[in-house]
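Data first, discussion second: the structure below is written as structure tokens.
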Amino acid sequence: MEFQTLFTESKGQPIYYKGRELHLANKIFLTKNEITVDVEFISTNSKWAQGIVIGTKGYFKVNNQILPFKIVLWEDTAPKKVSIEIFSKDKKVNVYNVWRTTDGTVDYGHNGAAFYIEKIEDSFVYYCNDGCPDDDFDDLIFKVKVHQ
């Protein structure tokens, strides 16, 4: 399934497909400016390396490193689980999936790209499709647990 046309028609807003609300990006609203999230890679099933982008107006602290605005975690290089301190000026965090093709190009948000989210208490589980036009949503599955 090629979702790009549907997202273009919706101007990037969520779409509905087979009873699921699909997204290109997810905005998490925080209750305070400084929080910690735990990110866990659950599984991947793609010919391409899969990644997670987390962005905010502010900065992140990961393994004692300060990183501004946006970070990318790759399933083939990041730890399976990682804690991230977020210092957000607007109490919002954007999350979306990316993939790296065999020639090293990083892509997101086109062709088959979409994901749905399962909310479990203080966690979000993301079931992601990369740019291959299918609808299996198993190219990347990851969890973000928010400690607020």
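Counting in this note's numbering, the sequence shown runs from 40 upward without gaps. Glycine residues also receive a C-beta, built at the ideal position from the N, C-alpha and C atoms. Fair warning: this is a prediction, and the values are worked out from it, not measured in the lab.
Item	Value
Are the beta-carbon atoms of T70 and S122 separated by less than 8 Å?	no
Tell me which residues share the same chain as V145 and place their Cβ nearer than 7 Å to its Cβ, disregarding the 5 neighbours each side in the sequence.	V137, R139
Looking at E60: is its Cβ nearer than 8 Å to the Cβ of Y147?	no
Could you check how far apart the C-beta atoms of N84 and D177 are, in whole angstroms? I think they sit under 8 Å.	5 Å
For the alpha helix (DSSP H) holding L112, just list the boundary residues, first then last.	Not the alpha helix (DSSP H): L112 falls in the beta strand (DSSP E), residues 104-113.
Just mark E157 as buried or exposed, buried being the case when its beta carbon has 16 or more other beta carbons within 10 Å.	exposed
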